[in-house]
Each structure stands twice: as structure tokens, then as C-alpha cells.
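In the numbering used here, the protein residues as written are 34 to 318.
The structure appears below as C-alpha cells.
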Amino acid sequence: MRAGDVFILLSLGTIWGASYLFFALGVRTIPPLTFVTGRLLIAAALLGLFRRIRPGPRADPPGGAYLMMGLFNAALPHTLIAWSEQTIPSGLAGMLVATMPLWAAGFTALGLREERPSRRQLAGLLLGFLGILILLFPDLQRAAHAHLISEGAVVAAALSYAAATVYARRALRGVSPVDATIGQLGWGGALLLPFSLVLDQPWRLSPAPESLAALILLAVLGTAIAYGLYYRLLQGVGVVGVSLVVYLNPIFAVLWGAIGLGEPLSGWLLGGMALILAGVFLAGR
Numbered sequence: 034m035r036a037g038d039v040f041i042l043l044s045l046g047t048i049w050g051a052s053y054l055f056f057a058l059g060v061r062t063i064p065p066l067t068f069v070t071g072r073l074l075i076a077a078a079l080l081g082l083f084r085r086i087r088p089g090p091r092a093d094p095p096g097g098a099y100l101m102m103g104l105f106n107a108a109l110p111h112t113l114i115a116w117s118e119q120t121i122p123s124g125l126a127g128m129l130v131a132t133m134p135l136w137a138a139g140f141t142a143l144g145l146r147e148e149r150p151s152r153r154q155l156a157g158l159l160l161g162f163l164g165i166l167i168l169l170f171p172d173l174q175r176a177a178h179a180h181l182i183s184e185g186a187v188v189a190a191a192l193s194y195a196a197a198t199v200y201a202r203r204a205l206r207g208v209s210p211v212d213a214t215i216g217q218l219g220w221g222g223a224l225l226l227p228f229s230l231v232l233d234q235p236w237r238l239s240p241a242p243e244s245l246a247a248l249i250l251l252a253v254l255g256t257a258i259a260y261g262l263y264y265r266l267l268q269g270v271g272v273v274g275v276s277l278v279v280y281l282n283p284i285f286a287v288l289w290g291a292i293g294l295g296e297p298l299s300g301w302l303l304g305g306m307a308l309i310l311a312g313v314f315l316a317g318r
């Protein structure tokens, strides 16, 4: 990775690590479906406005590409994570999503032969995953048997992210990061909107100010800006490289959870962080 790629990777880790805090605050008074729908549609509208102000060359992806990305990289995983954070800590959710690079490496080996991970990359991925397990160990001791369904939902979200990332590498090749983000977010929001209107009736809700603030921050920072960076990084470093951001998420998710929600920091944190960073270094070289 070049210095610019590393900067984008760290920026995404910081932003998406905070996303779990925003999820936890938002779903306190906004149902998960409506929260995710609002996030996607607000971000898509902001980027659409930006695209009108600063038009550029366009390259249309294959038919259905935005729909697939909207479902598997936005609507489905975001909803699973938001739903799970009603019962599990935000830091734990961030740790479980961090299984995504391993799934992505497997999908890449099957679907993108030209990007099969090297032995060094696989070693880095496994080392980083060991760091995730160390971070996760105290939570596994306390809560693994209490909220297995919620934790399984987050792992399913990680699988969805991994499959979508491999698909995007091929289907969205040559498409600008802004257009790819608008297409994905618009379709994701459109898929969820009918369910939100029928099941949650959002006009009847009375969300708390902190939940609304979390929604706006997540839409602007964690979605509109972050996904533009994500697609730019995907074009530059490929599937395995971009998936490394998910290894950084738990570090920032735990730190943001401790700062914003008072979630406890365990003695395992520094050891887990060191292994994760070593794994990212190996896999990203």
C-alpha cells in the first residue's frame, strides 16, 4: 500500500469504528429498520446533490449491480448490525464484523483468481483474526451464551459484506466511487423503505435528540463520506487490502464504546490491538 492508501485505511477504521457507537445510540429510540433506512437515504441524497454540483464522467455498471450492492453491502448487513446492538455491546459487534477479511479471502480465492491472497497475506489475516479473538475473549466469557442469535446476526452481516466486496471488485470496475456509492445507498434505502413505513410507521415515532444526532452523523460520516473512501480504496488495493479496514474497526469500536457509552476496557485490549496491527501490516505489504 502507498501512504495515501494507508491514510484512507486508517480514516475508514476510525469512522466505521465509531459507527457501532452511532448504531447503539440510534436504536435506543429509533427502530433498526427505520434507522438504517434513514441512514441510507440521507447519505444517497447528499451524494446526489454533490454529483449535480460537480458532474463528472460516468461509467454504467452491469444491470442489477447497484441492486446487489444495495442489498448485500448496505440494507441487509446494516439492519442485522442495528438489530443486534439492541442486545449486545457496540464493541462486541465491531469485533464480530472483523471476521469479514477471512470470508473475503475465501470468496476471493474462489471468484477472483487474479487476486488470490498470498501466503504472507493469509498469515497476516490469521494473525489479525487471532487478535480479534483476544479482544473478544472477555465478552465471550460473559455474553456468548446469552445473545448467540444477535452475535450470529453480526457474523452473517460480515459474510454479506465480504461477498459484496468481492462482487464489487468485478462488477463496479471503472465506476467512479461517488456513482458506486450513490447507486448502492439509493437501492439499499429503496429496498428497506416499504418495510420501515409498514412495520415502524416512522411518523409516529418520538426519537431522542441523541438518536437523531447519531443518525445524521452516521449518514454523513459513516456512509456518504466513508463509502466514497471505501470504493476509492477498493479500486487501488483490491479486495484483501480494502477488507483490512474491518480489522481496524474493533480497535476503534472498543475505544469509541468506552468513550461514548462507558463500556469497559479489558486487559486484553493492548495485546489484541498489537496482533491486529501486525496482521494488517503483513497482509497490506
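Where a beta carbon is used, it is the ideal one built from N, C-alpha and C, also for glycine.
Can you check which of these residues, the options, is closest to residue i by C-alpha distance?
i, options, result
"Ala-98", "Ala-201, Leu-245, Leu-262 and Leu-254", "Ala-201"
"Ala-223", "Arg-203, Gly-50, Gly-261 and Val-69", "Val-69"
"Leu-281", "Arg-203, Gly-157, Gly-50 and Trp-136", "Gly-50"
"Asn-106", "Ser-123, Gly-164 and Met-133", "Met-133"
"Thr-47", "Gly-269, Trp-136, Ala-259 and Ala-126", "Ala-259"
"Val-187", "Leu-232, Arg-35 and Gln-119", "Gln-119"
"Thr-141", "Ala-191, Phe-285 and Gly-271", "Gly-271"
"Gly-71", "His-111, Leu-82 and Tyr-53", "His-111"
"Leu-74", "Ser-244, Leu-288, Ile-249 and Leu-159", "Ile-249"
"Ala-246", "Phe-55, Arg-35, Leu-43 and Leu-42", "Phe-55"
"Leu-254", "Asp-233, Arg-84, Leu-308 and Ser-44", "Ser-44"
"Trp-289", "Leu-125, Pro-88 and Trp-220", "Leu-125"
"Glu-243", "Arg-61, Ala-36 and Pro-235", "Arg-61"
"Leu-230", "Phe-40, Gly-37, Gly-59 and Leu-66", "Leu-66"
"Phe-83", "Pro-210, Arg-265 and Arg-35", "Pro-210"
"Ala-326", "Ile-215, Ala-138, Ile-41 and Gly-164", "This structure cannot speak to residue 326, because the chain is shown only from 34 to 318."
"Leu-192", "Gly-161, Leu-109 and Gly-164", "Leu-109"
"Gly-269", "Leu-205, Gly-295 and Ile-292", "Leu-205"
"Tyr-264", "Leu-308, Thr-198, Ala-286 and Leu-238", "Thr-198"
"Ile-63", "Gly-295, Arg-35 and Leu-238", "Leu-238"
"Met-101", "Phe-285, Ile-182, Arg-203 and Gly-37", "Arg-203"
"Val-240", "Ala-195, Asp-38, Gly-59 and Arg-35", "Per the sequence presented here, residue 240 reads as Pro, with Val not at that position. Checking every option, the nearest Cα to that of Pro-240 belongs to Gly-59."
"Asp-38", "Trp-136, Leu-277 and Ile-86", "Leu-277"
Can you tell me whether residue i is helix, strand or coil according to DSSP?
i, result
"Leu-205", "coil"
"Gly-295", "coil"
"Gln-119", "coil"
"Thr-67", "helix"
"His-111", "helix"
"Pro-134", "helix"
"Gln-234", "coil"
"Thr-198", "helix"
"Pro-240", "coil"
"Asp-38", "helix"
"Thr-47", "helix"
"Arg-84", "helix"
"Leu-277", "coil"
"Arg-61", "coil"
"Asp-212", "helix"
"Pro-94", "coil"
Please tell me whether residue i has its Cβ less than 8 Å away from any Cβ of chain B.
i, result
"Leu-58", "In summary, chain B is missing from the structure at hand, where a single protein chain is found."
Thinking residue i and residue j are a contact (beta carbons under 8 Å), I'd like their distance in whole angstroms, please.
i, j, result
"Ile-114", "His-180", "In fact, because the Cβ distance is near 13 Å, the residues do not count as touching under 8 Å."
"Leu-79", "Ala-213", "Not confirmed; about 15 Å, so no contact."
"Gly-219", "Ala-77", "4 Å"
"Val-208", "Pro-88", "Not confirmed; about 15 Å, so no contact."
"Glu-184", "Leu-262", "28 Å between Cβ atoms; not a contact."
"Pro-283", "Ala-131", "5 Å"
"Val-275", "Leu-266", "5 Å"
"Gly-164", "Val-287", "Contact flag wrong, Cβ pair sits at about 12 Å."
"Leu-308", "Gly-161", "7 Å"
"Ala-138", "Leu-158", "6 Å"
"Tyr-53", "Ser-117", "Contact flag wrong, Cβ pair sits at about 10 Å."
"Gly-103", "Gln-217", "5 Å"
"Trp-136", "Ala-189", "Trp-136 to Ala-189, Cβ: 10 Å. No contact."
Query - Contiguous alpha helix (DSSP H) assignments of at least 4 residues, all confined to the segment 242-271 - result: 242-252
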